[in-house]
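Going left to right, the sequence shown walks through residues 2 to 283 as this note's numbering numbers them.
The beta-carbon is built from N, C-alpha and C at its ideal position, and this holds for glycine as well.
Comments concern the structure below.
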Amino acid sequence: MVTCRKLRKNLLLALLVLLLAGLVYAGAELMGQANKNAADAGSAGMDMEMASLDTIKQSQTNKVNWSEERALKKKIDQADSMYRTQAGKAKSDIAASGRVSESTRSAGLAAAERFRQASNAYADFWERNNGKSRARLAREAGLSRMKNADMVFNDVDSAKISAYNEQQDALAKARKEYLKDAKTDVSDADRAEIRRSLMPRLNRLNGEITSLVSSITNLLSQVKGQAGGMGMGSLGGCARQAVMTGPVDGPAALLSPLMGLLNMAKGLGSNVSSLMGDINSL
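See the structure below:
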């Protein structure tokens, strides 16, 4: 009888170890998918930041040195290209190991800072030339890229996602303020150019965001299923407690970040639609 009880205990322990290993693996897999979705959301955010900056055109009322303006804007474009290279490496890291490497993270954050500095220099130019709404838009775009990097180059995190979402709202307000001015301060030809160049990009971005929302929604359903299944039975409950206090968080820990990421992606979609409406009304 004692031998049977001991055998049963050993079997239960073995099952617990196997279940723990499975939960740890599942948690790591889901974390990798969540990080991929966050990186994809970051790519959509980058496109919105650049689309916002590309609406900035020459003022009809405050003539400026356009060569200087173009040179400063080119530095932003170059900084954006460098940042996108690092964001691409982040996606490769995530595909290979589920998370961004330290070297890629460091390079990505540095690239974001270069973008911010270039955007600030552009904002300073417009402030010197009485382009208040243009300056604000450029500065908010630089701040947005910094929050973008915090989200893209780190494991999925509710606070970082929320911070980026809030900064996207600030960027949207600055963009709307500038486009209101642009209705009377930008030439007919330049307003037509904004529509011609940006509408195809925004239509494409809108489709990408729709796919992203679907991907996050599906992942959220998987996470909810995994988190719910971990509470079934005493063995499952013990396993959940062990995993949640271990080095790898269980699926339940991803619920809040993914819900935040879903809301942020939907917000990006709304911002794209709003920008398209503003451009069409120029």
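{"Item": "I57 - DSSP class collapsed to helix/strand/coil", "Value": "coil"}
{"Item": "Three or more C-beta pairs below 8 Å linking the segment 151-163 and the segment 172-183", "Value": "no"}
{"Item": "Residue closest to M152, alpha-carbon to alpha-carbon, out of R85, L269 and N36", "Value": "N36"}
{"Item": "8 Å Cβ shell around K58 - same chain, five flanking residues per side excluded", "Value": "A183, V187, S188, D191, R192, E194 and I195"}
{"Item": "Residues near E178 by beta carbon distance below 8 Å, same chain, minus five either side", "Value": "S134, R137 and L138"}
{"Item": "Among D78, R129, A42 and A80, the one whose alpha carbon lies nearest that of N66", "Value": "R129"}
{"Item": "Inter-residue spacing [alpha-carbon to alpha-carbon] between R71 and L54", "Value": "12 Å"}
{"Item": "Alpha-carbon to alpha-carbon, Q227 and L180", "Value": "46 Å"}
{"Item": "Rounded C-alpha distance that separates K75 from K225", "Value": "45 Å"}
{"Item": "Residues near Q34 in its chain [Cβ-Cβ closer than 7 Å; skip 5 each side]", "Value": "L220"}
{"Item": "Exposure label - P252; buried when at least 16 CB within 10 Å", "Value": "buried"}
{"Item": "Of the listed residues L110, A150 and T62, nearest to S44 (C-alpha basis)", "Value": "A150"}
{"Item": "Exposed unless 16 or more other CB atoms sit within 10 angstroms - verdict on Q79", "Value": "exposed"}
{"Item": "Neighbour-count burial assignment, K148, 16 or more Cβ in a 10 Å radius", "Value": "buried"}
{"Item": "Distance between L255 and N101 (C-alpha atoms, nearest Å)", "Value": "Before going further, note that residue 101 is Val rather than Asn in the sequence given. Rounded to the nearest angstrom, the two C-alpha atoms are 17 Å apart."}
{"Item": "Buried versus exposed, by CB contacts within 10 Å (16 or more), A119", "Value": "buried"}
{"Item": "Proximal residues to G132 (C-beta, below 7 Å), its chain only, five neighbours per side dropped", "Value": "S60 and N63"}
{"Item": "Same chain, Cβ closer than 8 Å to Q242, neighbours up to 5 away in sequence not counted", "Value": "With a pLDDT of only 48 at Q242, under 50, the local geometry of the prediction cannot be trusted, and no value is derived from it."}
{"Item": "Exposure of R146, with buried meaning 16 or more beta-carbon neighbours within 10 Å", "Value": "buried"}
{"Item": "Residue range of the alpha helix (DSSP H) that includes V187", "Value": "First-last for V187: undefined, no H or E at that position."}
{"Item": "Nearest candidate by alpha-carbon position, reference Y123, set G229, S222, S212 and I77", "Value": "I77"}
{"Item": "Contact under 8 Å by Cβ, N166 with N272", "Value": "no"}
{"Item": "Three-state class that DSSP yields for R100 in the structure shown", "Value": "coil"}
{"Item": "8 Å Cβ shell around S93 - same chain, five flanking residues per side excluded", "Value": "none"}
{"Item": "Run of the alpha helix (DSSP H) containing S145, from where it starts to where it stops", "Value": "K133 to V153"}
{"Item": "Distance CB(G270)-CB(T211) smaller than 8 Å", "Value": "yes"}
{"Item": "Contacting residues, own chain, Cβ-Cβ under 7 Å from G234 (five flanking each side not counted)", "Value": "Residue placement at G234 is flagged as unreliable, the pLDDT there being 45, under the threshold of 50; the coordinate-derived value follows with that caveat. For G234, where only same-chain residues beyond five positions count, there are no Cβ hits under 7 Å."}
{"Item": "Among S216, S274, S275 and M83, nearest to L31 - alpha-carbon criterion", "Value": "S216"}
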